[in-house]
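Just so we're aligned, residue 138 is where the sequence shown starts under the numbering used here, counting upward by one. Glycine included, C-beta positions come from ideal geometry on N, C-alpha and C.
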Amino acid sequence: MPSHSTQTTSVHISPAQPEHLDALLEIDRICFPYDAMSRRSLRRFMQHEHGDFVVLRDESRVIGYAILLFRQATKLCRLYSFAVHPDFQSTGLGQRLMDYCIEQARAVHCLFLRTEVKADNERALEFFRRFGFVHLGLRTDYYDDHSDAVVVQKQLHFFDSAKVPRLVPLLTQSTEFTCGPASLLMAMGWFGIAPANPQHEELEIWREATTIYMTSGHGGCGPHGLARAAHRRGLQVELYASQAGPVLLDSVRNEQKRHVMTRIQEADIAALKAAGVKMRHRDYALSRLEKDLNAGKLVIALISTWQFDRQKAPHWVLLTAIDQEYVYLNDPDDDLLPWQTITERQYLPIPRATFEKAFAYGSSRLRAAVVLSQPE
Numbered sequence: 138m139p140s141h142s143t144q145t146t147s148v149h150i151s152p153a154q155p156e157h158l159d160a161l162l163e164i165d166r167i168c169f170p171y172d173a174m175s176r177r178s179l180r181r182f183m184q185h186e187h188g189d190f191v192v193l194r195d196e197s198r199v200i201g202y203a204i205l206l207f208r209q210a211t212k213l214c215r216l217y218s219f220a221v222h223p224d225f226q227s228t229g230l231g232q233r234l235m236d237y238c239i240e241q242a243r244a245v246h247c248l249f250l251r252t253e254v255k256a257d258n259e260r261a262l263e264f265f266r267r268f269g270f271v272h273l274g275l276r277t278d279y280y281d282d283h284s285d286a287v288v289v290q291k292q293l294h295f296f297d298s299a300k301v302p303r304l305v306p307l308l309t310q311s312t313e314f315t316c317g318p319a320s321l322l323m324a325m326g327w328f329g330i331a332p333a334n335p336q337h338e339e340l341e342i343w344r345e346a347t348t349i350y351m352t353s354g355h356g357g358c359g360p361h362g363l364a365r366a367a368h369r370r371g372l373q374v375e376l377y378a379s380q381a382g383p384v385l386l387d388s389v390r391n392e393q394k395r396h397v398m399t400r401i402q403e404a405d406i407a408a409l410k411a412a413g414v415k416m417r418h419r420d421y422a423l424s425r426l427e428k429d430l431n432a433g434k435l436v437i438a439l440i441s442t443w444q445f446d447r448q449k450a451p452h453w454v455l456l457t458a459i460d461q462e463y464v465y466l467n468d469p470d471d472d473l474l475p476w477q478t479i480t481e482r483q484y485l486p487i488p489r490a491t492f493e494k495a496f497a498y499g500s501s502r503l504r505a506a507v508v509l510s511q512p513e
C-alpha cells in the first residue's frame, strides 16, 4: 500500500477511457457487491452526452472514479456513482475526488448535487455529511439485493452576502395559511417598521388581507389585500396583477364563495384607488423585477409550489435579490422544502427559468407582485 504522501501527491483526475474498464469493474465489484455495474453500463456512461465520468489515478493504477449526470432543466446534478478503492480510503483522496465533483457541478451552474447511499452504510453516510449533504428521504428496495437507499443532497449555490451590507431577515410563518403576512413582516423588518409582536401582527395582516375562501381550508391572502395591508403600515406600494379586478376566483368552485371573494377584493381595490396606490394590470417581468430590486425595493410574489413539491398550491414569498443565474427569495414556509435549514431558506436561489415557471398561479396563470419600498 503506498504511503500517504505518495497517494496524495502523485494522483490526478482525468476522463475515464476504455482501457480503464477492467480496473473500474474491480473497484465497482469491491465497493458495491450488492449493485455492481456491468462493463456495458460503464462504457455507456463514458459516452454520455450530459455527464462527466472521471477516474482518480496514480502513475500505475486507477484508484477511484465518479460519474456525474447533469440535468440542466432542473439545475440538478446527480452523482450517479462514486467510489475509491478500499486500499486508498481514509487518505484524503476521497475528499479530493468529491471536491472535484462539487466544483464541476458548480461550474455548470447546478443548484443541487444529489446521490443515493446504502442505508446501512454509516461510514459512507458520514462521509457525505461532512461535505454538507442532507437527508432527503428513503428509497426502499432500491438496490439489486433489495436493500434500501438514503437520498442525500447538497446545495451548491448561495447568495454572496458580501454584495449587500446586511440580509433581509427571514421569518417563518406560524400557520399554514399566513405565508403572505409573514412575507410582509419580513419586508417591514427590512424597512425598519417591525412590530413588537410579530405573531400577533401576522394574524392581524391575514384578517385584513384574506380573500376568505381559496382552495380548501382557511382562505389565503389576495394581492389587493396584501397591498392594502402594506400601505396601512406605512410602506410605499405598487401592485402588479396580470388580470384586472378580483382574482383567484378560479381556485373555488362554489358560486357563493366566489361572490364573497369578489366583494372582499372589490372593497380592497376601491381602498387602494382612494389611497392613490398604483395598480398595474400587466405582467411583472424579470427585467422589471431586476430594476426594482436594484433600486432597493422588495417584492412579495405569488407562486405555484408545483415546481418544488408537485402540489398546485398558491404561496407567497419575498423576493430579495437577483443575478444573471438566480432569483433569490426568503421562503416563510419551513414545510415546502423540508431539507432546507433556516439559513438555506434565506436568500434561497431559484434558477431564473424555474422561477419563471413557478411565478404564476391557477388555470388563468395569474401573475401578482406587491412591490414595496421605503416609507416616505
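Across which residues does DSSP place residue i in a beta bridge pair?
i: asparagine 467; result: Leu455
i: phenylalanine 207; result: Cys214
i: proline 488; result: Tyr463
i: aspartate 189; result: Leu205
i: serine 347; result: Position check: residue 347 holds threonine in this sequence, whereas serine was assumed. Looking at the DSSP assignment, threonine 347 forms a beta bridge with Cys358.
i: lysine 255; result: Ala286
i: lysine 291; result: Leu250
i: glutamine 380; result: Paired residues: none, contrary to the question.
i: valine 374; result: Leu509
i: isoleucine 437; result: Leu455 and Val507
i: histidine 272; result: Val289
i: valine 397; result: DSSP output for valine 397 lists no bridge partner at all.
i: alanine 220; result: Tyr202
i: isoleucine 150; result: Leu193
i: arginine 417; result: Tyr377
Please confirm whether residue i and residue j have their CB atoms less than 8 Å apart.
i: cysteine 247; j: phenylalanine 295; result: no
i: leucine 205; j: alanine 244; result: no
i: serine 135; j: methionine 351; result: No answer is possible for residue 135: the residues shown for the chain start at 138 and end at 513.
i: valine 528; j: histidine 157; result: The question about residue 528 has no answer here: the residues shown for the chain are numbered 138 through 513.
i: leucine 179; j: isoleucine 150; result: no
i: arginine 251; j: valine 288; result: yes
i: threonine 348; j: isoleucine 406; result: no
i: leucine 503; j: valine 397; result: no
i: isoleucine 330; j: glycine 371; result: yes
i: glutamate 513; j: glutamine 373; result: yes
i: proline 360; j: alanine 505; result: yes
i: leucine 230; j: valine 301; result: no
i: proline 469; j: cysteine 358; result: no
i: glutamine 535; j: serine 311; result: Since the first and last residues shown for the chain are 138 and 513, residue 535 lies out of range.
i: leucine 435; j: leucine 509; result: yes
i: serine 441; j: lysine 449; result: yes
i: arginine 177; j: leucine 162; result: no
Could you check which residue in the options has the C-alpha nearest to that of residue i?
i: alanine 299; options: Arg425, Ala458, Thr352 and Leu439; result: Ala458
i: methionine 235; options: Leu213, Pro469 and Gly269; result: Gly269
i: aspartate 282; options: Ser510, His157 and Asp172; result: Asp172
i: arginine 166; options: Val221, Phe190 and Arg215; result: Val221
i: glutamine 226; options: Phe314, Cys168 and Ser197; result: Cys168
i: alanine 422; options: Arg395, Ser379, Ala286 and Val414; result: Ser379
i: alanine 432; options: Leu439, Ala438 and Ser424; result: Ser424
i: aspartate 189; options: Gly201, Arg176 and Cys238; result: Cys238
i: histidine 185; options: Ala153, Asp195, Gly201 and Leu161; result: Ala153
i: valine 464; options: Thr491, Gln310 and Arg504; result: Thr491
i: aspartate 471; options: Glu493, Val397, Gln483 and Asp460; result: Gln483
i: valine 454; options: Ala404, Ser501 and Val507; result: Val507
i: leucine 213; options: Leu161, Gln290 and Ala411; result: Gln290
i: proline 488; options: Ser510, His337, Glu462 and Arg215; result: Glu462
i: alanine 319; options: Pro302, Glu338 and Phe328; result: Glu338
i: glycine 362; options: Pro335, Glu392, Arg390 and Thr399; result: Thr399
i: aspartate 420; options: Arg395, Pro451, Leu376 and Asn391; result: Leu376
i: glutamine 511; options: Ala346, Phe328, Glu493 and Arg181; result: Phe328
i: aspartate 195; options: Asp224, Gln393 and Pro170; result: Asp224
i: leucine 485; options: Ser501, Pro451 and Phe445; result: Phe445
i: histidine 452; options: Leu439, Leu262 and Gly413; result: Leu439
i: glycine 201; options: Thr228, Arg215, Arg177 and Gly356; result: Thr228
i: serine 501; options: Gly413, Ala411, Glu392 and Leu386; result: Leu386
i: glycine 382; options: Ala404, Ala346 and Arg260; result: Ala404
i: glutamate 523; options: Ser197, Gln232, Glu240 and Met174; result: Coverage of the chain is limited to positions 138 through 513, which leaves residue 523 absent and any answer about it impossible.
i: aspartate 460; options: Tyr280, Asp297 and Lys394; result: Asp297
i: histidine 187; options: Lys394, Ala286, Ala346 and Tyr217; result: Tyr217
So residue i and residue j are supposed to be a Cβ contact under 8 Å. How far apart are they, rounded?
i: asparagine 467; j: leucine 307; result: 5 Å
i: leucine 409; j: leucine 430; result: Wrong, their Cβ atoms sit about 23 Å apart, outside the cutoff.
i: alanine 203; j: phenylalanine 219; result: 5 Å
i: histidine 355; j: phenylalanine 314; result: 4 Å
Measuring only from the beta carbon, is residue i closer than 7 Å to any heavy atom that is part of the ligand HEM?
i: lysine 255; result: Questions concerning the ligand HEM fall outside what the structure shown contains, since it holds no ligand whatsoever.
At least three beta-carbon pairs within less than 8 Å, the stretch 251-259 to the stretch 272-283: Enough Cβ pairs lie closer than 8 Å, so yes.
Three CB pairs or more closer than 8 Å across the stretch 484-501 and the stretch 312-324: No, because fewer than three Cβ pairs between the stretch 484-501 and the stretch 312-324 fall closer than 8 Å, the two stretches do not touch.
The stretch 361-379 in contact with the stretch 342-350 per 3-pair CB rule at 8 Å: Between the stretch 361-379 and the stretch 342-350 there are three or more C-beta pairs closer than 8 Å, enough to call the two in contact.
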